[in-house]
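J.:
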Ligand SMILES: Cc1cc2nc3c(=O)[nH]c(=O)nc-3n(C[C@H](O)[C@H](O)[C@H](O)COP(=O)(O)OP(=O)(O)OC[C@H]3O[C@@H](n4cnc5c(N)ncnc54)[C@H](O)[C@@H]3O)c2cc1C
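Numbering (the numbering used here), first residue to last: 363 to 758.
1) For residue 640, is the classification buried or exposed, using 16 other Cβ atoms within 10 angstroms of its Cβ as the cut-off for buried?
2) Give a single yes or no on whether residue 396 has its beta carbon closer than 7 Å to a heavy atom of ligand 1.
3) Provide the residue(s) that pair with residue 394 in DSSP beta bridges, ordered along the chain.
4) Is it right to say residue 592 is buried, meaning 16 or more other beta carbons lie within 10 angstroms of its own, or is it exposed?
5) Based on Cα-Cα distance, which residue from 442, 474, 624 and 411 lies nearest to residue 526?
6) To the nearest angstrom, report how far apart residue 533 and residue 567 are at their CA atoms.
7) Using a threshold of 8 Å, state whether the C-beta atoms of residue 464 and residue 633 are closer than that.
8) Let me know the secondary structure DSSP gives residue 675 once reduced to three states.
9) Which same chain residues, not among the five before or five after residue 488, have their C-beta less than 7 Å away from its C-beta?
10) Does the Cβ of residue 368 lie closer than 7 Å to at least one heavy atom of ligand 3?
11) Taking the beta carbon of residue 554 as the centre, do at least 16 other beta carbons fall within 10 Å, making it buried, or is it exposed?
12) Can you list, in chain order, the residues of its chain whose CB lies under 6 Å from that of residue 655, leaving out five sequence neighbours each side?
13) Less than 7 Å between the CB of residue 648 and some heavy atom of ligand 1, yes or no?
14) Where does residue 575 fall in DSSP's three states?
15) In three-state DSSP terms, what is residue 758?
16) Report the CB separation of residue 725 from residue 745 in whole angstroms; it is logged as a contact under 8 Å.
17) For the beta strand (DSSP E) holding residue 686, just list the boundary residues, first then last.
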């Protein structure tokens, strides 16, 4: 049996590990267009901030692949997929047949069609190479920088660079920061706290143009405001990598459509991670990719296992600010919610309820026990228990 895996992120490498654990003799080949073995994308922010070294990012070194008898072709891209012949082709001209194929190609950064986005000094952050380019900008000297996108990643990147002396302005098109993790009240508290740290914000602002000849000199917003800067980081979300799936004629929408076994519309092709669309959801988070990699691997070796979804939980990793968002945070305030707040102390806690169950929460200021709330969501806990828990949290 030959298992071929396209993509060596957490989804692909977890699938490889699961296959090896359950099929000691199968041949496993991973094709990765990156030149590094599995590393922590999450910790790229720490790498950008010089808080960890390149070595510390690596999660599975090359010896791991060897020890597990997994061939990992690095620095080569899968560019062709013929699902009828069951053949994958790579950019360097390699061709291989598979019995079972996993597409774990993840996603790439979305760059909106902003005039001037191709200028030197405009970056996105997805890979070690991207982080190295940002670190090397202007010879590593601190400068004025604009982050386009006030989501979790944009704020974390901005903070890593602010700590290195850069002056950071965040431009967010939506009416609040962290639109997917906060409601309007939580966002105001966050904005105030980050303002005190030195961030400048333009909320509800569209970026019209990145200014300069070939090098970035500033950003012009739709209302005419010009923000001088020498670097721009675009953090406007990600898009699933669908090239191979589309070539093979698989069912795709925003991601590759899969069933509960993470099987695509072709019985021999599975999909896991950021490129998957399951029940209309693209999770785009590490734990979901890891879990999907594990379940896809099990199904590829014939151990029928269902994926039922992942509860989305995000924490903002900005020192001095504690923020956690879990599940459905109901930003439009359409559902029942228990809210405790003390804006002057930067405290906000909202638990969203539906049919006597907790379905989501936003916590700012004190996020102690956030994972207990996540667990309560996962096990569909009764709210009477949580009401007691929350009142005790407030006494703490
Ligand atoms: C800076 C940053 C911080 C993040 N922080 C968090 C966080 O705090 N918490 C969280 O849950 N999530 C976080 N994420 C998201 C998380 O990293 C992703 O959800 C996760 O890495 C997805 O894993 P994956 O294996 O599906 O895809 P990826 O990690 O994208 O891996 C896919 C791999 O496949 C390769 N590839 C693509 N096409 C091909 C091809 N045709 N041939 C060969 N190789 C190919 C890609 O280059 C890549 O190496 C963060 C992401 C970034 C960029």
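A virtual CB, placed ideally from N, CA and C, is assigned to each residue, including glycine.
Predicted model, so just to flag it, every value in this text is computed and none were measured.
T.: The structure says:
1) That one is buried.
2) Checking every heavy atom of ligand 1 against the Cβ of residue 396, one is found closer than 7 Å.
3) DSSP lists 436 as partners of residue 394.
4) So residue 592 counts as buried.
5) It is 411.
6) So the alpha carbons of these two residues sit roughly 6 Å apart.
7) With contacts defined by Cβ atoms closer than 8 Å, residue 464 and residue 633 form a contacting pair.
8) Reduced to three states, the DSSP call for residue 675 is strand.
9) Excluding positions up to five away in sequence, the list reads 470 and 471.
10) Here the bound small molecules are ligand 1; ligand 3 is not part of this structure.
11) So residue 554 counts as exposed.
12) The beta carbon of residue 655 is closer than 6 Å to those of 373, 376, 377 and 634 in its chain, skipping five residues each way along the sequence.
13) Yes, Cβ of residue 648 sits closer than 7 Å to a heavy atom of ligand 1.
14) Three-state DSSP puts residue 575 in coil, outside helix and strand.
15) Note on residue 758: pLDDT 46, under 50, position unreliable in the model; no value is reported.
16) Taking 8 Å as the upper bound for CB-CB distance, residue 725 and residue 745 are not in contact here, some 17 Å apart.
17) Per DSSP, residue 686 belongs to the beta strand (DSSP E) from 685-689.
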